[in-house]
Amino acid sequence: MSQHLPVLLVAVPLFLAPVAALVGRWKLAWAVAAAGCWWAFAASIMLLRRVMDEGTIHYAMGGWEAPYGIEYRIDLVSAFVALIVAAIGAVVIPYARTSIAKEVSEDRGALFYSAFLLCLSGLLGISVTGDVFNVFVFLEVSSLSAYAMIALGQDRRALTAAFQYLIMGSTGATFIVIGIGLLYVMTGTLNMADLAERLPAVSDNRTIPVAFTFLTVGITLKLALFPLHLWLPNAYTYAPSAVTAFIASTATKVAVYLLLRFFFTVFGAAFAFEQMQLDMVLMPLALVAILGMSLVAIYQENVKRLLAFSSVAQIGYMVLGISFGSVLGVTSGILHLFNHALMKGALFMAMGCVMYSVGSVRIEKMAGLGKVMPWTMAAFVGGGLSLIGVPFTVGFVSKWYLVQAALEQGMWPVAAVVMVGSLMALVYIWKVVEVAYFQAADPDHQIREAPLSMLVPTWVLVLASFYFGIDASTTASIATRAAETLLGVGL
Amino acid sequence: MDDRVILRIGAKILIPFILLFALYVQFHGDYGPGGGFQAGVIFAAAFVLYALVFGLGNAVKVLPPQAVYVCGALGVMIYMGVGFVTMALGGAFLDYNVLAPDPTHGQHYGILAVELGVLVTVFGVMVALFYAFAGRRRLDL
Amino acid sequence: MTGFVDVALLILLAVTGVAIIRQRNLFAAVMLAGIYSLVSAGLFVVMDAVDVAFTEAAVGAGISTVLMLGTLALVGYKEHKPQHTPILPMFVVLVTGGILVYGTSEMPRYGEADNPVHLHVAPHYLEESEHEIHIPNVVTSVLASYRGYDTMGETAVIFAAMVGVLLLLSRGPLPLRVFHKGQWVTLPPGARHEDPPRAGVPEEGDGDG
Amino acid sequence: MSVGLLVGFCVLLPVLGAVLVLVLRNYPNAREAATLLVGAATFYHVLGLLHYIREGARPRLDLLEVVPGVQLAFEVEPLGLVFALVASFLWPVTTLYSIGYMRGHHEENQTRFFFFFAIAIAGALGVAFSANLFTLFAFYEFLTFCTFPLVTHHQTEEAKKAGRIYLGILLSTSVGFQLIAIIWTWQLAGTVEFTEGGILAGTASAGVLGAILILFVFGVGKAAVMPFHRWLPAAMVAPTPVSALLHAVAVVKAGVFTVLKVSLYVFGIDLLATLAATDWLAWAAGATIILGSLVAFKQDNLKARLAYSTISQLSYIVLGALLANEWGIIGGGMHIAMHAFGKITLFFAAGAIMVAAHEKKISRMHGLGRTMPITFAAFFVGSLSIIGLPPAGGSWSKWFLGMGTLEAGQYGLLVVLMLSSLLGLYYLLEVPVKAFFFAPPDDAHHGPGIKEAPLPSLIAIVITASATVAFFFWPDLWHELMTLAVSGGAS
Amino acid sequence: MIDVGLFNYWAVIVLMMVGFYTLIARGNLVKKLIGLNVFQTSVIMMYVTMGKIEGGTAPILVESGEHVVYSNPIPHVLMLTAIVVGVATLALGLSLVVRINEAYGTIEEDAIMDEAL
């Protein structure tokens, strides 16, 4: 059993997806989905512990050794990202039970939870696989289910958002396939470790840089890095609340993981940063994303949209960390990946509570909510503080490492941009807080606090974002070790 | 009206052959081109033909949508089930060697089983997709 | 001989492709897309990929075309005249294509047996599959056994497509739920989707949604 | 209880008080009694620490490692004890005052008021006892956020605007400058622990260190060095007890305390004296002293005048730190205490006038001294202390500061100090003089209802005013502690 | 025999770009999906081209004494998967188009933008 843990992590939720579709009744389907999510959470914790104790775990599918078969190769980075995905899944699923029953009709519950499980297992599959084509397959499993779930939003714009996402996501996936093909044609292998071994011999060939370019652009599309982020704001805004919370905290994170995996494991830092001058491209884009998208977020009137633009900006932070190419930089990227999942999950879930009770997440509808929905709005403030980067929240820890990484390279203007970005976060979060706490509620509206089944998961994430902000040594040391694994130092 | 008669008779003759061909593709996949995926598509094509000629109403009676959905889900479960079985028998996930005392026999059984899973899923999904699109009445604008 | 067929098919494909772009009758475009798939299936046969050809013919020319026609029956046949001059898309496409041409310019030449791609993993399959799996069609043995996990993912992908399509299309129009006077209500069938600013006021349906 | 735990207990006590306030929210008398008791207990325990400091001990409590190498930890040293003693002593006194004020003024949301008040004290003590820059920064920001609900207590449009300025300036300076400075320090020195003699010496060029110093001084927005002073007058929309304790003592002193602490334990006096930036900053502080006084001179609103006076006086302390000699540091540290007692007396008096006579404008206070003699007498004493005249404690700190300028050879700055005191002589003494010696205006509504403020408030005023005088005769405690701080060891 | 050299790749790239252009330049949603389809089919051609060995035969082993050259089976396997993924994406995309048409009454991007305002 325990030696099969790597595959069971992915296979159990994937197997439960058709089960959920078959059971028919939505409550039963929910139970199946919950079982899948919680199993994945438990398994990912066990895996992370094993990786920390024993080092990288290999699992050969079908008993065929790599590079002839597909292998699961779980190092610290994989295990950490899998844990993030599974943890968010485990928290969102009880939340979804109430939220989805309201926002999506109940007769589609079974199919919805099936899609949810598919998305979860797809994302988990990407994070643990050691085979580049397998990445593509699981990417499509997660993407297709994500498109469908996003389209279930009540506003008709959810449909166009999902379509736009589908077009851009498929373009990205096709670019990734082209990149994989070009790598394959030069090396004859699809296994990541094998690729890493064989690439240096042929990296002078023009094909490899082009493969690198296509993979980067393809993943960047999935990642929604500025200026390829156009699908993200609409998708996050109009998707059902639970879906937004889940996708926002996992899908882009897994894309960041892919970026890390390709840059550092497959191509190697030397190729990516010295030969390809990756930092010259990524850093300006990340900086523009941080400043530009935070600015755009300030002017949004729909809070989910505001948070979506903030997500694009936060993705900028992660990419910025990666673009330093140093251990510290990559550490900050991985750390922020975890931290941002926590805080954005909490924020979007709080907005889901508002959607549940108020029926809209436009700012002007949130007047007086501080009084009528104290727990929801307190959760929003908590997540918002983290986004701003106040001490004792996870956002602070991210910023601490990111600024350190910038200063390490003597790039103090970059450090300044990071800080300006968090001040802009203050502006857009405070915009909401002021309306919620300083304006009187409309007495005609009978607004009640969201039900406990939604508040508890929200608060779990809020408290987690405080806990890991106060005691960040676990996450920080895992992230540091993960970064060292990626860069191949300190081992 | 005559056209339709010819069409119906033609279809009635053709459909068994298509199904037969699908089975051939399925089981000959080890020796020539073909396999579960192609066979599934051809199977589905037979039903699509049936539905086109005899009307969706009749097709639904022959093959209720519920059954189609079940097929779509069942195939995935069969495929993954093979993986769980091999695991239970002490091999890795999808390691067919353990399915029979002789590894190559095991491989045969395993490939047969997973191809069956693929067939069932593809058939189910393709027909389900057809039902979904064809069953949606055009809403006049 | 192969070379000639090859080139002829590629030219045919290019012509079809351009015709697809220019064709504004969607019905014709869908048919052309089907032809495109069929011709490419022919090309695959020429290039020894019989399994791929079979699948492409069944899926690209078959299922895809049926699905697209089914869609066209629901949404109409006419494409509007493009309103913008497509300078940006043109630029993006030229740059992408240019990069690809650059990238392929030093690639191993087509069809040579000592290309790296033919030297590493593939020989193992061709040599060992015989006694490891003992079936003649190496594509099947790789598909179902060596890379069987990918194929499992592939079934999951089509299953995901089914789930998605059923979520979107099954059982008539999605019941519309809006927030009205403090609670969520399901609108009667046929009501219009409303934008959020007006979401609180369910109107009588006018039958087009 | 071990000494380390005692330190933690001191910080925790106000939090317990806050919880008690919440629990007893329906019983106002018990609620206030609880605050008073907890306040007294806090002061008692802080005073208990004095004994250890005198023995040369440095009681320390390590809480946890937030990120590897950076700890959340408390360590008591003489300078911190000065601040802690001042804050913890004045808390119960202010509570006493608040009881009279809040009830006399019929304020709403009193529970929230007392709750955040207690929390803010915990923040101030956390700042005082912080063992390193990280802990200091964390509590500094904590203090910003938990005083925000106090500033915006009235929840009016005006309060909202003031809150924006408050949060905006304090956060942008701290996040934009101070945090970068802290991380830069961590980057250079490899530690952020406060250490005798500083940690930065010899780690980088004078230019870089100068830049860090500038970031620190302007990054501590709470020290209100111009041009980052606007938040302080804005915060005056808060109820007067808040202005009194927080914006004359806890918050602003946390700012100047940070500057002193950074000068002493991060840079060290010797390093500071060699930096060119120190001189420029000293002049910036000098400019703030003069400009603050000039603006105060022009204010007719009493609280606004006191606010600008505070800005001016804070820069005395900043200047003391930047003189980079023992005289300056001792003077600055003593001024924390002297100014605190003096200014809180003035604010108490201003609040008392508001409660009793509903008067904010100085020009309309003619003759009020006859009906409120105790209040205005106290105001007079407080003024003397701020100006630096005997028999009030302020004369000592000003004396040391003056000596510091001479020692540093900064005769120009000595002139600045003199000039500012002269201005203070006018703008502070104008109030009691008008109140005692001018006849009331004809249209004044100083009807027969006016009498002294409610008894609890009056007691508080008398306590602080007497303390101000007492410190003239017995300044030994503060002097001793500050001498310990600069000499760095046992007495 | 015409020496194709790299011509094959370049021809495939042209086809790819035809699809890509249709995908990004056209406002009609169905047309976009057709473009995506063409794009993906062309990528499949690229892979298959990689696997071809001149003078080789399909990778179905034959029992014969002499040495037979087989084309590379791996790209074929990968592309079988890619075709399936392609049709899955297409189906989902089309169902979205159907729903968009029901909600907006049009499948032209510009008209949808106007509707949404």
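Here the protein sequences come in this chain order: A, B, C, D and E.
Counting along the first sequence from 1, when you hit position 376 you're at 373 in our numbering, and nothing is skipped either side.
Each number in our numbering corresponds to the 1-based position in the second sequence with 1 added.
Each number in our numbering corresponds to the 1-based position in the third sequence with 3 added.
Each number in our numbering corresponds to the 1-based position in the fourth sequence with 48 added.
Each number in our numbering corresponds to the 1-based position in the fifth sequence with 832 added.
Virtual Cβ for every residue (Gly too), placed ideally from N, Cα, C.
Is residue i close to chain C? Criterion is C-beta to C-beta, closer than 7 Å.
| i | result |
| --- | --- |
| A/Trp61 | yes |
| A/Met183 | yes |
| E/His908 | yes |
| B/Tyr80 | yes |
| B/Met127 | yes |
| B/Leu50 | no |
Output the boundary residues of the alpha helix (DSSP H) element that contains residue i.
| i | result |
| --- | --- |
| C/Arg59 | Here residue 59 of chain C is Glu; the residue named in the question, Arg, does not match the sequence. 53 to 59 is the span of the alpha helix (DSSP H), which, as asked, contains C/Glu59. |
| A/Ala403 | 391 to 405 |
| C/Glu157 | 151 to 172 |
| D/Leu133 | 126 to 152 |
| D/Ile384 | 374 to 405 |
Is the separation between the beta-carbon of residue i and that of residue j shorter than 7 Å?
| i | j | result |
| --- | --- | --- |
| E/Pro907 | E/Val880 | yes |
| C/Glu130 | E/Lys863 | no |
| A/Thr390 | A/Ser462 | yes |
| E/Leu924 | C/Gly6 | no |
| A/Met146 | A/Ala93 | no |
| D/Ala296 | D/Thr358 | yes |
Which residues mark the beginning and the end of the beta strand (DSSP E) in which residue i is found?
| i | result |
| --- | --- |
| D/Leu109 | 108 to 115 |
| D/Val118 | 118 to 123 |
| A/His55 | 54 to 57 |
| A/Ile71 | 68 to 71 |
Using a Cβ-Cβ cut-off of 7 Å, state whether residue i counts as contacting chain A.
| i | result |
| --- | --- |
| E/Tyr853 | no |
| B/Leu95 | yes |
| E/Ala943 | no |
| D/Gly258 | no |
| C/Leu16 | no |
| B/Ala45 | no |
| C/Pro126 | no |
Any beta carbon of chain E sitting closer than 7 Å to that of residue i?
| i | result |
| --- | --- |
| A/Arg153 | yes |
Determine, using beta carbons only, whether residue i comes closer than 7 Å to chain B.
| i | result |
| --- | --- |
| E/Ala923 | yes |
| C/Ala194 | Per-residue confidence for C/Ala194 stands at a pLDDT of 46, beneath the threshold of 50, marking its modelled position as unreliable; no derived number is given. |
At the 7 Å Cβ level, is residue i part of the contact set with chain F, yes or no?
| i | result |
| --- | --- |
| A/Phe77 | The structure shown contains no chain F; its protein chains are A, B, C, D and E. |
With a cut-off of 8 Å on the beta carbons, I'd call residue i and residue j a contact; round off their distance for me.
| i | j | result |
| --- | --- | --- |
| A/Leu325 | A/Ala402 | 4 Å |
| A/Leu384 | A/Met340 | 6 Å |
| A/Phe82 | A/Thr247 | The amino acid at residue 82 of chain A is misidentified as Phe; the sequence shows Val. Confirmed, Cβ separation roughly 5 Å. |
| D/Gly246 | D/Tyr313 | 6 Å |
| D/Trp139 | D/Thr90 | 7 Å |
| D/Leu294 | D/Leu198 | 7 Å |
| D/Leu416 | D/Ala398 | No, D/Leu416 and D/Ala398 are not in contact; Cβ-Cβ is about 12 Å, not under 8 Å. |
| A/Pro206 | A/Met273 | 6 Å |
Just checking: is the beta-carbon of residue i within a distance shorter than 7 Å of some beta-carbon in chain D?
| i | result |
| --- | --- |
| A/Val387 | yes |
**Q.** Members of the region 9 to 40 of chain A that neighbour chain B once the beta carbon cut-off is set at 8 Å
**A.** Residues Leu11, Phe12, Ala14, Pro15, Val16, Ala18, Leu19.
Q) According to a CB-to-CB cut-off of less than 8 Å, which residues of the region 82 to 95 of chain C neighbour chain A? A) Listed by position, the residues of the region 82 to 95 of chain C near chain A (Cβ gap below 8 Å) amount to none.
Q.
To be precise: take each residue of the region 162 to 174 of chain A, compare its Cβ to all Cβ atoms of chain E, and keep it if any distance is under 9 Å. Which residues remain?
A. Cβ contacts with chain E come from Leu163, Ile164, Gly166, Ser167, Thr168, Ala170, Thr171, Val174.
Q | the region 212 to 226 of chain A: positions lying closer than 7 Å to chain E by Cβ | A | The residues in question: there are none.
(Q) If the cut-off is 9 Å on Cβ atoms, which residues from the region 96 to 121 of chain C count as contacting chain A, listed in chain order? (A) Answer set for the region 96 to 121 of chain C: Thr99, Ile102, Leu103, Tyr105, Gly106, Thr107, Ser108, Glu109, Met110, Pro111, Asn118, Pro119, Val120, His121.
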